[in-house]
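Top to bottom, those sequences are chains A and B.
Take 93 as the starting number for the first sequence in the working numbering and just add one per residue.
Take 93 as the starting number for the second sequence in the working numbering and just add one per residue.
Every residue gets a Cβ at the ideal spot worked out from N, C-alpha and C, and that includes glycine.
All figures in this text were calculated on a predicted structure; none of them were measured in a lab.
Written below as structure tokens is the structure these notes are about.
There are 2 protein chains.
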Amino acid sequence: MNDPTVPPAKTPPARRPARISEQLKDLIVEQGLQPGDRLPREQELMDQFKASKNTVREALGALQAQGLVRSRTGPGGGNFVSAQDEDRAMELLGNYFFFQQPRIGDIYALRKMLEPELVATLAGQLTEADFQRLNATIRLYDHKPQNKVEEYRQRLAELDFHAVLAELCPNRVLGFVCGFLQNLLRNLSICKRIYDKPNPELRESGFHYQVKLLSVLNDGDGEAARKIMFDHMCAAQEYMEACEAELATDFLRISSRG
Amino acid sequence: MNDPTVPPAKTPPARRPARISEQLKDLIVEQGLQPGDRLPREQELMDQFKASKNTVREALGALQAQGLVRSRTGPGGGNFVSAQDEDRAMELLGNYFFFQQPRIGDIYALRKMLEPELVATLAGQLTEADFQRLNATIRLYDHKPQNKVEEYRQRLAELDFHAVLAELCPNRVLGFVCGFLQNLLRNLSICKRIYDKPNPELRESGFHYQVKLLSVLNDGDGEAARKIMFDHMCAAQEYMEACEAELATDFLRISSRG
DNA sequence: AGATATTTGTTCGTATGTATT
DNA sequence: TAATACATACGAACAAATATC
Numbered sequence: 093m094n095d096p097t098v099p100p101a102k103t104p105p106a107r108r109p110a111r112i113s114e115q116l117k118d119l120i121v122e123q124g125l126q127p128g129d130r131l132p133r134e135q136e137l138m139d140q141f142k143a144s145k146n147t148v149r150e151a152l153g154a155l156q157a158q159g160l161v162r163s164r165t166g167p168g169g170g171n172f173v174s175a176q177d178e179d180r181a182m183e184l185l186g187n188y189f190f191f192q193q194p195r196i197g198d199i200y201a202l203r204k205m206l207e208p209e210l211v212a213t214l215a216g217q218l219t220e221a222d223f224q225r226l227n228a229t230i231r232l233y234d235h236k237p238q239n240k241v242e243e244y245r246q247r248l249a250e251l252d253f254h255a256v257l258a259e260l261c262p263n264r265v266l267g268f269v270c271g272f273l274q275n276l277l278r279n280l281s282i283c284k285r286i287y288d289k290p291n292p293e294l295r296e297s298g299f300h301y302q303v304k305l306l307s308v309l310n311d312g313d314g315e316a317a318r319k320i321m322f323d324h325m326c327a328a329q330e331y332m333e334a335c336e337a338e339l340a341t342d343f344l345r346i347s348s349r350g
Numbered sequence: 093m094n095d096p097t098v099p100p101a102k103t104p105p106a107r108r109p110a111r112i113s114e115q116l117k118d119l120i121v122e123q124g125l126q127p128g129d130r131l132p133r134e135q136e137l138m139d140q141f142k143a144s145k146n147t148v149r150e151a152l153g154a155l156q157a158q159g160l161v162r163s164r165t166g167p168g169g170g171n172f173v174s175a176q177d178e179d180r181a182m183e184l185l186g187n188y189f190f191f192q193q194p195r196i197g198d199i200y201a202l203r204k205m206l207e208p209e210l211v212a213t214l215a216g217q218l219t220e221a222d223f224q225r226l227n228a229t230i231r232l233y234d235h236k237p238q239n240k241v242e243e244y245r246q247r248l249a250e251l252d253f254h255a256v257l258a259e260l261c262p263n264r265v266l267g268f269v270c271g272f273l274q275n276l277l278r279n280l281s282i283c284k285r286i287y288d289k290p291n292p293e294l295r296e297s298g299f300h301y302q303v304k305l306l307s308v309l310n311d312g313d314g315e316a317a318r319k320i321m322f323d324h325m326c327a328a329q330e331y332m333e334a335c336e337a338e339l340a341t342d343f344l345r346i347s348s349r350g
């Protein structure tokens, strides 16, 4: 009686704006539109789909939220196909793991496989500019932090170093997945708590790993780079999982609902 | 001259609905809302954000497009927080690689690392029901195809087998990434052409691999499973890349624009 | 079974802002 | 500077869906 509230309709028939979004995507595929190309004017879309201005706008808004469309005002303005940028893609992806946060070990299981391979492919491929960029990131934590704020920034900068490496990877799938895993880590609520804990040794050991890594990358020694990164990942995982366990015993359970 | 002090508005100041979407997400985080929980009514949101109904609805529409919100009409209805399902997440992610299609080799570089590990973790963990599901998938291509349609279906079923394995993986991050790579392959335009080509040996060899794989999984022999999957991946990559090269020479360039 | 209240869904018309020409 | 073409936002009204009495 009190529990038949379950929606009987498995597929709540897609709303109109959602359907129009789909049709617009089809349009892009069929006409082979490329980033920068213009979509029909809003008025034309209204006519074509026999929908009101607001409905069309809602459909366009959804595509904008997905990063597939950008709009400009003024004459010659309109809605334009756009390549989704990586940040947007990661943000959307992050939503999926929002309500089912993975374990630290789950993430590191992948990082241990992928990041060593990533740096191996990078060996001997980096330009002077790339090295400068990496060094600039490292410099943010080549010294002891002066206060808690700087400490936290250093922890994030450490992840940034990995992010730059991922960005430089010519295999964009590999680079993207690595970046995604780092992003996942960044946003994991348990990690936010872990990152708040001071940890001097970790900074120093991380710094050491990365200096060594840059050195062998410069030499073009892929195998050495692979090994350094793997060891680094193992050390990081061990530390993070220890923190995870510790936090788990500290707060037996924190629920935001009474 | 060409470098005026004003940063040329890198970010075309986010539109209002987009900002409201962000704020709604923050609301979900702050209040610790879970899937199934209700958002404020549209009227309340209009008051709270001092925005018109259309604007609020556009913001909600964006969240719906991201699979984060579902809505129901009627009394007791409203907009509800929802967990993004995997399919939706993959679809959104696929948009990112839509305009920068990776090479076959890029994808297989990851599959060769991840899928062997995936089946290794599955060894000895599968239930009778799991095996039945996997066997049912295999059965779709345990015989020679009668016609082109069945041939194509068999090629997709082969990917489905891998998808089921990914789904069964307790490490959801690993499972998701593997599923994503398969999805990427499915949607790659070059793959669609490759899959159209008849290839009797590939079906047979794939079938053989998978029967053997199920056998060692049943024995709980993770190492054997890892090796079988790795060999399978290498063989598949070799075949796909050969096709890729062949197609590249066939059509020097096909552009959809005159 | 039917009327009604509640809440989202769709549309129209209009006013405003902004960039190009 | 002014005109123009376009997106952006608002408000009011009406339609559809659905739970409750």
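In its chain, beyond the 5 residues on either side, Glu243, Gln246 have a beta carbon closer than 6 Å to the beta carbon of B/Pro237.
Residue-level contact by beta carbon holds for A/Arg149 and chain B, with a gap shorter than 9 Å. Taking C-alpha positions only, B/Val161 is separated from B/Ile120 by approximately 11 Å.
With the criterion set as a beta carbon lying under 8 Å from some beta carbon of chain A, the stretch 220-244 of chain B has no members that meet it. Going by DSSP, B/Ser163 is part of no alpha helix (DSSP H) but of the beta strand (DSSP E) stretching over 161-164.
The criterion of a C-beta distance shorter than 9 Å is not satisfied by A/Pro127 and A/Ala157.
Inside the stretch 256-332 of chain A, DSSP marks whole alpha helix (DSSP H) runs of 4 or more residues at positions 264-279, 281-288, 292-311, from first to last along the chain. In the three-state reduction of the DSSP assignment, B/Phe253 falls in the helix class, which pools H, G and I. Taking all protein chains in view, the Cβ of A/Leu248 is surrounded by fewer than 16 other Cβ atoms within 10 Å, so the residue is classified as exposed. With distances taken between CA atoms, B/Leu232 lies nearest to B/Glu296 out of B/Lys145, B/Glu296, B/Ala340. Neighbours of B/Phe141 in chain A, taken as residues whose beta carbon is under 7 Å from its own, are absent, since the nearest beta carbon is some 15 Å off. Residue contact check for B/Leu184 against chain A: a CB pair falls below 9 Å. In terms of Cβ geometry, A/Leu155 and A/Lys117 form a close pair [threshold 9 Å]. When the beta-carbon positions are compared, A/Tyr331 and A/Asn291 come within less than 9 Å of each other.
Counting only the Cα atoms, B/Arg149 lies some 18 Å from A/Glu134. For B/Asn171, the three-state secondary structure derived from DSSP is strand.
Cβ-Cβ distances below 8 Å link A/Gln193 to Leu280, Ser281, Ile282 in the same chain, with the five nearest sequence neighbours on each side left out; the list follows chain order. Taking a C-beta cut-off of 9 Å against chain A, none of the residues of the stretch 308-340 of chain B qualify. Between A/Val256 and B/Asp198, the C-beta gap is not smaller than 9 Å, which leaves the two residues out of contact. Of all residues in the stretch 111-128 of chain A, only Ser113, Lys117, Ile120, Val121, Gln123, Gly124, Gln126, Pro127 come within less than 9 Å of chain B when Cβ atoms are compared, listed by chain position. Just measuring C-alpha positions, the residue of B/Asn146, B/Asp139, B/Val241 sitting nearest B/Ala110 is B/Asn146.
The beta carbon of A/Met138 does not come within 9 Å of any beta carbon belonging to chain B, so the residue lies off that interface. Beyond the five residues adjoining it in sequence on each side, B/Asn227 comes within less than 8 Å, by CB distance, of Leu306 in the same chain, given in chain order. Interface criterion met: the Cβ of A/Ile199 is under 9 Å from a Cβ in chain B. Closest option to A/Leu214, judged by alpha-carbon separation, among A/Gln115, A/Asp288, A/Val269, A/Ala258: A/Ala258. A/Phe191 belongs to the set of residues whose beta carbon lies under 9 Å from a beta carbon in chain B. Residue nearest to B/Tyr287 within the set B/Gln123, B/Ala334, B/Arg130 is B/Ala334 (criterion: CA-CA distance). A straight line joining the alpha-carbon of A/Gly271 with that of A/Gly166 spans about 37 Å. For A/Asn291, no chain B residue has a C-beta closer than 9 Å to its own C-beta; the minimum C-beta separation is roughly 24 Å. With respect to the 9 Å criterion, A/Gly159 and A/Asp177 are classified as neighbours on the basis of their beta carbons. Among the residues of the stretch 265-298 of chain B, those with a Cβ less than 9 Å away from any Cβ of chain A are Val265, Leu266, Phe268, Val269, Phe272, Leu273, Leu276, in the order of the chain. Under the three-state reduction of DSSP output, B/Arg133 falls in the coil class, being neither helix nor strand. Among the residues facing chain A, B/Asn171 is not included, as its CB has no counterpart in that chain under 9 Å away. Within the same chain, Gln302 come within 6 Å of B/Ile230 by CB-CB distance, once the 5 residues on both sides are set aside. Secondary structure at B/Ala143: coil, using DSSP grouped into helix, strand and coil. DSSP, reduced to helix, strand and coil, places A/Tyr233 outside both helices and strands of the structure shown, so it counts as coil.
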